[in-house]
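Worksheet for the structure shown next.
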Amino acid sequence: LGMPDLSLQACRVAKEMHRLSPEAHYEYAQTLIATGEMKLANKSLSAAAELNPNNTQYHYQRGMNFYYLNQYDAAENSFLKALSIDLNDVDSSYQLAYIYAAQKKEKLAKQQIEKVLQIQKEHPKIQSAKLLLEYVRENALDKLPLKIIPHDYHVGRSKSHYKSGNFGLALIEIETAAKLKPNNLQTKEILIGLSGFLLRINMTEKAVKQMISIAGETAIITAKGYQELGDIEVLKGNLPEARTYYEKVLKLSDPNGIARQTLDELPEQVAPNTTPLQQTEVFIHPSIALNRKGELFAQYKMYKRAIAIYSLASRIRPNHLPTMLNTATAYYNSKNFGKSISILERLLLSHPNHENILVHRILLAQAYVKSNNRGKSLKNIAIAIKINPAVKTSIRANPAFEILRDMNEYKKLTQ
126 LGMPDLSLQA CRVAKEMHRL SPEAHYEYAQ TLIATGEMKL ANKSLSAAAE LNPNNTQYHY
186 QRGMNFYYLN QYDAAENSFL KALSIDLNDV DSSYQLAYIY AAQKKEKLAK QQIEKVLQIQ
246 KEHPKIQSAK LLLEYVRENA LDKLPLKIIP HDYHVGRSKS HYKSGNFGLA LIEIETAAKL
306 KPNNLQTKEI LIGLSGFLLR INMTEKAVKQ MISIAGETAI ITAKGYQELG DIEVLKGNLP
366 EARTYYEKVL KLSDPNGIAR QTLDELPEQV APNTTPLQQT EVFIHPSIAL NRKGELFAQY
426 KMYKRAIAIY SLASRIRPNH LPTMLNTATA YYNSKNFGKS ISILERLLLS HPNHENILVH
486 RILLAQAYVK SNNRGKSLKN IAIAIKINPA VKTSIRANPA FEILRDMNEY KKLTQ
């Protein structure tokens, strides 16, 4: 979930309850590593290794932590320990080769790289070993950095976790990086982006305000910050406060026109039957969180912004059914019936039967009748009634079908 304090607390409890479980110690170490507590992490990894001495991962990870702490001899010994258990451990073998190369131990580096290349496995570090060998052959070892910069290390791990779909760990890692370099605007932007994607609005709000205080009131990045703060206030249901932030964006810079578009749609007051984002709502995947953000904008009839947010969610997770249905609904409500029909018909091909198929068919019937295609509207009404005959009552009461009420076919279907 990307909640380091709760994770550490839970892992400590698990470690105490399951002292003889190496996995409990290892999982505790993973959160400690993400928060930059490498010395404590290595204590837990040592405990895990004592309980399961033949697990190379424990020794490899200890080696990486020693490397982070710039304790190169200890790192080398840990990698060698892992390789004494499994000569084909690519991670340890490559990292050992890199340490030798970065320390300009050319002969040892070349020997170790050759060992990596002899391993018959599909692994990204095999290609890295080939590149490392080129540095050795070209006598370019001076170009290889030896010392790990903690901030950069956590940024890199955050990106790696994000690409692997480990969004919680990605968030913890970038939060750690931001603490190590609190005035680094690029890191702040990544933290704001990822926490914003997951709707961690308190974290995002804090990071945005810190970014603005660093960048100053005239920077373009500050305009982006105010845009984010405006969105956060919409999610909270504070529409007047949101308007204030969007107006600040207009005074600075609005190159994509998002603030102007948002202000054009933003209602003056919160309408009845609307609900802000609840503190109990926690998301672990950006596409689900963004889908929810789109729903919150859509409830205020801010359909253009909602569609843009759904589009972003769909790029992260294409063909996600709830997002696509929400997108079709937003297009329908914004009177773009053709686009709504296109999405709904395409979804019928990929999801012919799903839990919301009844609502799907009714919405499609509404879109067709609004497009003056009564035949296809009646066809979808008939399918909806076949799925659940009880829907006749709501169809008769639906004002979208008013134009069909004098048609005999409609009367037969709904009687």
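Each residue of the sequence shown is one higher than the one before, counting from 126 in the numbering used here.
C-beta atoms are modelled at their ideal positions from N, C-alpha and C, and glycine is treated no differently.
Note that the coordinates shown come from a computational prediction; the quantities given were computed from them, not determined experimentally.
Pick out whichever of the options has its Cα sitting closest to the Cα of residue i.
i	options	result
Val241	Met128, Asp211, Arg417	Asp211
Glu420	Ile441, Thr452, Leu503	Thr452
Met427	Tyr457, Glu480, Pro443, Pro147	Tyr457
Ala207	Leu233, Gln196, Tyr223, Pro178	Pro178
Gln196	Pro129, Ile224, Ser169	Ile224
Asn461	Tyr493, Ser439, Leu437, Leu474	Tyr493
Glu314	Ser285, Lys464, Lys349	Lys349
Lys361	Tyr425, Asn308, Leu319, Arg385	Tyr425
Glu342	Ser378, Pro447, Gly318, Phe422	Ser378
Ile413	Gly321, Ala139, Glu141	Gly321
Ile441	Thr369, Gly463, Gly290	Gly290
Asn498	Ile520, His485, Ala139, Ile466	Ile466
Could you compute how far the alpha carbon of residue i sits from the alpha carbon of residue j?
i	j	result
Ala340	Asn523	53 angstroms
Lys376	Ile434	24 angstroms
Gln228	Leu305	26 angstroms
Lys566	Ala226	The structure shown does not extend to residue 566, since the chain is modelled only from 126 through 540, so no value can be given for it.
Leu450	Gln491	14 angstroms
Thr347	Ile468	36 angstroms
Tyr183	Pro411	30 angstroms
Leu472	Pro401	29 angstroms
Ile528	Ser496	12 angstroms
Gly382	Asp267	48 angstroms
Glu201	His143	30 angstroms
Ala265	Gln352	46 angstroms
Met532	Glu393	41 angstroms
Ile158	Arg417	31 angstroms
Leu415	Leu131	24 angstroms
Asp122	Ala254	Because the chain spans 126 through 540 in this model, residue 122 falls outside it and cannot be assessed.
His445	Ser439	7 angstroms
Ala384	Thr160	36 angstroms
Thr518	Lys501	20 angstroms
Ser459	Thr448	16 angstroms
Glu148	Leu319	28 angstroms
Ala174	Met128	26 angstroms
Thr405	Lys164	34 angstroms
Arg521	Arg530	8 angstroms
Ser169	Leu474	51 angstroms
Phe526	Pro397	25 angstroms
Ile547	Leu310	Coverage of the chain is limited to positions 126 through 540, which leaves residue 547 absent and any answer about it impossible.
Got a sec? Which residues, its chain only, sit under 6 angstroms from residue i by beta carbon, not counting five neighbours each side?
i	result
Leu221	Phe204, Gln237
Leu258	Ile238
Leu489	Leu469, Asn505
His476	Leu446
Ser283	Ala295, Glu298, Ile299
Asn308	Ile339
Among the residues of its own chain, which have a CB less than 8 angstroms from the CB of residue i, if the five just before and after it don't count?
i	result
Thr312	His276, Val280, Ile299, Ala302, Ala303, Lys306
Val215	Val241, Ile244, Lys246, His248, Lys250, Ile251
Leu483	Ala509, Ile512, Asn513, Val516
Asn167	Ala154, Arg187, Asn190, Phe191
Ala455	Gly419, Ala423, Tyr428, Ala431, Ile432, Tyr435
Lys288	none
Leu437	Leu415
On the premise that residue j lies in contact with residue i, defined as a C-beta separation below 8 angstroms, what is that separation, rounded to the nearest angstrom?
i	j	result
Glu358	Ala367	4 angstroms
Leu364	Val395	6 angstroms
Ile244	Asn213	5 angstroms
Leu538	Ile506	6 angstroms
Tyr278	Tyr193	6 angstroms
Val261	Glu231	6 angstroms
Leu133	Thr156	5 angstroms
Arg430	Thr399	Actually they are not in contact, since the Cβ atoms of Arg430 and Thr399 sit about 15 angstroms apart, beyond 8 angstroms.
Glu330	Leu354	7 angstroms
Ser217	Thr181	6 angstroms
Glu534	Leu503	6 angstroms
Glu152	Cys136	6 angstroms
For residue i, which residues from the same chain have a beta carbon less than 7 angstroms from its beta carbon, with the 5 sequence-adjacent residues on both sides left out?
i	result
Val407	Leu126
Ile409	Leu126, Phe292, Gly293
Ala172	His150
Phe422	Val359, Arg430, Ala431, Ile434
Gly463	Ser496
Pro380	none
Report yes if the C-beta of residue i is less than 7 angstroms from at least one heavy atom of the ligand SAM; otherwise report no.
i	result
Asn308	You won't find the ligand SAM in this model; it holds no ligand whatsoever.
Examine chain B for any beta-carbon lying closer than 8 angstroms to the beta-carbon of residue i, and answer yes or no.
i	result
Met128	The structure shown contains no chain B; it is built from a single protein chain.
Should the stretch 289-299 be regarded as contacting the stretch 264-271, the criterion being three or more beta carbon pairs within less than 8 angstroms? no
Is it true that the stretch 316-328 meets the stretch 187-207, where meeting means three or more beta-carbon pairs spaced less than 8 angstroms apart? no
Stretch-stretch touch, CB-based, cutoff 8 angstroms, three pairs: the stretch 372-388 with the stretch 332-339: no
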